[in-house]
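Participant: Handing you this structure, nothing more for now.
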Amino acid sequence: MSCIFCKIISGELPSHKVYEDENVLAFLDISPVNPGHTLVVPKKHFVDLEDADEATLCAVIKAVKRVGLSIKNNLGAAGYNLGMNNGAVAGQVVPHLHFHLMPRQAGDGLKLWPQQAYGPGEAEEILQKIKIF
Ligand code: 5GP
Ligand code: ZN
18 MSCIFCKIIS GELPSHKVYE DENVLAFLDI SPVNPGHTLV VPKKHFVDLE DADEATLCAV
78 IKAVKRVGLS IKNNLGAAGY NLGMNNGAVA GQVVPHLHFH LMPRQAGDGL KLWPQQAYGP
138 GEAEEILQKI KIF
């Protein structure tokens, strides 16, 4: 077992645990974007969202909500960003499914991703490729 988050879950590596239940562990990110930046992970090893079953995803998102509420109530955070890097090209470094819960304070200066505009007809073209219904 070489997965660093599996080692944290098993206790082989230390972590600052924020929340734990039968299926989920939440612990402080070692390199926070803001104090309280927490990683919420399923205890079972899944690489990414497509790999995980729906029951696991429900358990993880419920834990995200609980930890988010604690961050809002106890860190004075007005809100938080929820991030999930799905795949290496999206910046996923640790191949064990995890959500980043990043507390936000007014004026903290944290920048979100840059945005751009669609060219003429481009939105419709993309839509034809990806729409599901
Ligand atoms: P990713 O880029 O895969 O979405 O995010 C991985 C996150 O895991 C990074 O934010 C990184 O700081 C965090 N991380 C990597 N190794 C460790 C570790 O050993 N302990 C903890 N607590 N966080 C880690
Ligand atoms: Zn793992």
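Just so we're aligned, residue 18 is where the sequence shown starts under the working numbering, counting upward by one.
Beta carbons: idealized from backbone N, C-alpha and C, even for Gly.
In this text the structure is predicted, and so the values were computed from the model without any measurement.
1) Could you check whether the Cβ of histidine 62 sits closer than 8 Å to any heavy atom belonging to the ligand 5GP?
2) Mapping the DSSP letters down to three states, classify glutamate 37 as helix, strand or coil.
3) Reducing DSSP to helix, strand and coil, say where asparagine 98 ends up.
4) Using 8 Å as the threshold, is the region 103-115 in touch with the region 20-37, meaning 3 or more CB pairs across them?
5) Find the nearest neighbour of proline 49 within the set Leu144, Gly100, Gln132 and Glu67, judged by alpha-carbon distance.
6) Between the C-alpha atoms of glycine 53 and proline 120, what's the straight-line distance to the nearest angstrom?
7) Is alanine 69 helix, strand or coil by DSSP?
Facilitator: In this structure, then:
1) Start at 1 with the first residue of the sequence shown, and residue 62 comes out as number 45. The ligand 5GP never approaches histidine 62 closely enough for any of its heavy atoms to be under 8 Å from the residue's Cβ.
2) On the sequence shown, residue 37 is found 20 positions in, with the first residue counted as 1. Residue state, collapsed to three classes: strand.
3) Position 81 of the sequence shown holds residue 98. Three-state DSSP puts asparagine 98 in a strand.
4) Counting Cβ pairs under 8 Å, three or more are found: they touch.
5) Position 32 of the sequence shown, counted from the first residue, corresponds to residue 49. Comparing Cα-Cα distances from proline 49 to each of Leu144, Gly100, Gln132 and Glu67, the minimum goes to Gly100.
6) Here residue 53 corresponds to residue number 36 of the sequence shown, with the count starting at 1. Here residue 120 corresponds to residue number 103 of the sequence shown, with the count starting at 1. Approximately 6 Å, taken between the alpha carbons.
7) As a first step, residue 69 must be located in the sequence shown, where it is residue number 52. In the three-state reduction of the DSSP assignment, alanine 69 falls in the coil class, being assigned neither a helical nor a strand state.
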